[in-house]
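Student: Numbering-wise (our numbering), the sequence shown opens with residue 29 and increments by one. Submitted below is the structure of interest, expressed as structure tokens.
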Amino acid sequence: MKNGACYIRVSTDKQEELSPDAQKRLLFDYAKENHILVSPEHFFLDIGISGRKAEKRPAFRDMIATAKSREHPFDVILVWKYSRFARNQEESIVYKSLLRKAGVEVVSVSEPLPDGIMGGLIERILEWMDEYFSIRLSGEVMRGMTEKAMRGGYMTCAPFGYDRVNDAPPTVNPEKAALVQLIFHKYVYENASKASIAKYLNLNGITTRKGRKWEAQSVEYILENPFYVGKVRWNYTTHAPGKLIKDEEEWIIADGQHEPIISQKLFDAAAAKSKAAKGRGPIHGRLPAKHWLSGFVRCARCGGPMNYRSGRANQNPSFYCKNQTIGTCNYTQRCTVPIMEKAVITGLQQILQNENFEYVKITKARPLIIDPIAHLEERLKDLEQKEKRIRAAYLDGIESLDDYKAYKNMLDAEKADITKKLSHAQNLETSENFDKNQLITNTHHALELLTSENASLEAKCDAIRSICEKITYDKETARIEYFFIL
């Protein structure tokens with residue numbers, strides 16, 4: 029008899045799909061018919077989460093880490109459809125390859141495949157169709173949002189100077205609106221640079237909408253945003269990592285439903301001055317990362333970024349301290365890319381090998397997508413209601429005694445499973461080692477991608493950033509410090 033696991037996912041879109049209960053029932057039936065033993069702790073559930081990105085699915089990541097562990101607790105992962113496992117063909121191939129190396133196969137209970145080459149071909153076709161469906165659905169959503177923008181509707185967070193409640197049009201925040209007017213006046217009438225305006229705001233303790241310090245780029249965004257003259261701008265940037273600014277002819281600019289803060293005359297004057305200062309057409313945003321550590325490694329001495337530099341002739345590409353090149357850092361921090369890659373990966377591996385490592389926890393408020401304890405408690409209430417309904421159906425003569433017993437046994441088994449998971453979740457919440465255990469699980473997952481030859485640059489960028497806020501490097505002491513996200 030094989031040991032198995034079940035993965036259940038219900039996505040955020042309004043597509044036709046089975047509920048978690050229905051998926052679990054099908055997986056349980058398949059396991060029973062095929063002599064696969066599934067322990068309660070090996071049911072993994074992601075609710076309200078898209079299948080496009082693995083790093084956004086905590087249960088999926090836990091399942092992969094468990095499958096790759098030394099204990100090797102199961103040999104097969106059951107899913108209702110392959111689309112539940114992933115809607116991104118590249119990630120699907122990467123994770124199935126990792127699982128295959130660990131002796132774990134992924135089986136869709138509703139999409140049986142023939143053995144041999146033909147089965148592999150059909151599986152790839154199904155993966156492609158799943159990704160196509162996801163892309164097509166995304167396109168439908170995008171078309172709806174574009175239509176709304178053309179009518180002056182606004183769909184994102186209100187920019188600096190405005191407040192927004194739910195889906196209502198943004199309203200002017202008088203205090204912050206005065207600061208927006210100050211930025212425009214300083215730039216146009218006082219001939220202040222964007223950098224000097226940012227410095228002025230920071231010195232006065234004023235932060236951006238996200239609570240960060242001002243930079244020349246954030247001042248520029250305000251000066252060039254037509255929202256402040258009562259217009260809505262849509263299709264301004266790409267949705268790919270790096271947020272490239274599109275050509276101006278692709279933008280959609282329409283009259284909005286909100287009150288303007290700046291006059292058109294002042295806005296045009298700022299735009300003309302900004303364009304003249306650049307000496308070229310509209311900016312095209314920052315380029316995508318050249319390496320998965322680009323913009324992520326910091327100098328341990330000054331805290332500044334270590335930039336990526338391509339190799340010349342027979343030299344290897346390297347990372348170097350940007351501040352040292354402009355004279356604000358007195359230390360020469362330079363490391364070739366191969367050495368940096370090896371050091372970062374080796375360091376993560378050593379952390380996992382030594383479970384007695386020490387760390388300092390810095391608490392940051394981060395919203396939970398879903399409260400696991402509250403979710404499990406709600407599931408228990410649902411089962412109690414189901415039990416009442418099936419008992420009433422039996423007493424009313426709708427269900428036979430055998431059907432009632434069979435259904436009640438299934439409900440009892442499910443209640444026992446959820447009760448056990450609830451107890452486990454409550455123990456984890458009060459455990460001092462919860463953060464450490466989660467850190468180890470997340471690091472295992474990231475390392476799999478960082479060391480995979482099949483993982484894309486984008487996947488590796490997301491992997492290292494899913495576990496760390498930054499990494500610092502000190503050449504003199506050959507020391508790397510990891511600032512983990514807990």
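A virtual CB, placed ideally from N, CA and C, is assigned to each residue, including glycine. Computed from a predicted structure; not experimentally measured.
In angstroms, rounded to a whole number, what distance separates the CA positions of residue 60 and residue 485?
Tutor: 41 Å
Student: Could you work out which residue in 503, 209 and 90 is closest to residue 362 when comparing CA atoms only?
Tutor: The residue with the shortest Cα to Cα distance from residue 362 is 503.
Student: Let's see if you can read the secondary structure: which residues bound the beta strand (DSSP E) around residue 33?
Tutor: 30-38
Student: Does the beta-carbon of residue 124 have 16 or more other beta-carbons within 10 angstroms, so that it is buried, or is it exposed?
Tutor: buried
Student: So the candidates are 207, 255 and 295; which of them puts its Cα closest to the Cα of residue 530?
Tutor: The requested residue 530 does not occur in the structure, where the chain is confined to residues 29 to 514.
Student: Taking 6 Å as the limit between beta carbons, can you name the residues of its chain near residue 450, skipping five residues before and five after?
Tutor: 404
Student: Assess contact between the stretch 219-239 and the stretch 316-334, defined as three or more Cβ pairs (one per stretch) separated by less than 8 Å. Is contact present?
Tutor: no
Student: By alpha-carbon positions, which one of 242, 85 and 137 ends up nearest to residue 521?
Tutor: The requested residue 521 is not part of the displayed model; the chain covers only 29 to 514.
Student: Considering residue 254, what are the terminal residues of the alpha helix (DSSP H) in which it resides?
Tutor: Residue 254: not part of any alpha helix (DSSP H); DSSP gives it neither H nor E.
Student: Identify the continuous alpha helix (DSSP H) that holds residue 499 and give its terminal residues.
Tutor: Where residue 499 is concerned, there is no enclosing alpha helix (DSSP H), although the beta strand (DSSP E) it sits in stretches over 496-502.
Student: Counting only C-beta atoms, is residue 198 closer than 7 Å to chain C at any point?
Tutor: Judged by its chain identifiers, the structure shown contains no chain C, having just a single protein chain.
Student: Output the distance between the C-alpha atoms of residue 283 and residue 260, rounded to the nearest integer angstrom.
Tutor: 6 Å
Student: For residue 508 versus residue 375, is the C-beta spacing smaller than 7 Å?
Tutor: yes
Student: Roughly how many whole angstroms lie between the Cα atoms of residue 322 and residue 222?
Tutor: 25 Å
Student: Check residue 289 in the structure and name its three-state DSSP category.
Tutor: coil
Student: Return the residue from the list 101, 472 and 138 that minimises the CA-CA distance to residue 29.
Tutor: 101
Student: Grab the span of the alpha helix (DSSP H) containing residue 228 for me, first residue to last.
Tutor: Membership of residue 228 in the alpha helix (DSSP H) is indicated by the continuous run 222-231.
Student: Is it buried or exposed, residue 189, if we count other Cβ atoms within 10 angstroms and call 16 or more buried?
Tutor: Classified as buried, residue 189 has 16 or more neighbouring CB atoms from the shown chains inside 10 Å of its CB.
Student: Measure the C-alpha to C-alpha separation of residue 110 and residue 91 and round it to an integer number of angstroms.
Tutor: 15 Å
Student: Given a cut-off of 7 Å on the beta-carbon distance, is the pair residue 257 and residue 288 in contact?
Tutor: yes
Student: Is it right to say residue 18 is buried, meaning 16 or more other beta carbons lie within 10 angstroms of its own, or is it exposed?
Tutor: The shown model of the chain, from 29 to 514, leaves out residue 18, and the question about it has no answer.
Student: Under the rule that 16 or more other beta-carbon atoms within 10 Å means buried, what is residue 52, buried or exposed?
Tutor: buried
Student: Let's test the definition: count the other Cβ atoms within 10 Å of the Cβ of residue 394 and tell me whether it reaches 16, buried, or not, exposed.
Tutor: Only weak support exists for where residue 394 lies, its pLDDT of 37 falling under 50; the coordinates are left without a value.
Student: Leaving out five residues before and five after residue 350 in sequence, what residues of the same chain have Cβ atoms less than 6 Å from its Cβ?
Tutor: 332, 333 and 335
Student: Could you spell out the range, first to last residue, of the beta strand (DSSP E) harbouring residue 335?
Tutor: 334-337
Student: Within 10 Å of its beta-carbon, does residue 396 have 16 or more other beta-carbons around it, so buried, or fewer, so exposed?
Tutor: Model confidence at residue 396 stands at a pLDDT of 35, short of 50, so the residue's coordinates are unreliable and nothing is read from them.
Student: Can you tell me whether residue 308 is buried or exposed, with buried defined as 16 or more other CB within 10 angstroms of its CB?
Tutor: For residue 308, the predicted structure reports a pLDDT of 41, less than 50, and the residue's modelled location is therefore unreliable. A value from the coordinates is still provided. With fewer than 16 other Cβ atoms within 10 Å, it is exposed.
Student: Should residue 367 be labelled buried (16 or more other beta-carbon atoms within 10 Å of its own) or exposed?
Tutor: Residue 367 should be labelled exposed.
Student: Roughly how many angstroms separate the alpha carbons of residue 134 and residue 466, rounded to a whole number?
Tutor: C-alpha separation (whole angstroms): 24 Å.
Student: By DSSP, does residue 282 sit in helix, in strand, or in coil?
Tutor: Strand, per DSSP.
Student: Is residue 429 helix, strand or coil by DSSP?
Tutor: helix
Student: For residue 190, does the three-state DSSP call read helix, strand or coil?
Tutor: Residue state for residue 190 is assigned as strand, using DSSP reduced to three classes.
Student: Between the stretch 293-304 and the stretch 475-485, are three or more C-beta pairs nearer than 8 Å?
Tutor: no
Student: As a quick exercise: from 112, 88, 128 and 122, pick the residue whose alpha carbon is nearest that of residue 103.
Tutor: 128
Student: Measure how close the beta-carbons of residue 356 and residue 330 come, nearest whole angstrom, since I'm counting them as under 8 Å.
Tutor: Contact flag correct, Cβ pair sits at about 7 Å.
Student: Does the beta-carbon of residue 32 have 16 or more other beta-carbons within 10 angstroms, so that it is buried, or is it exposed?
Tutor: buried
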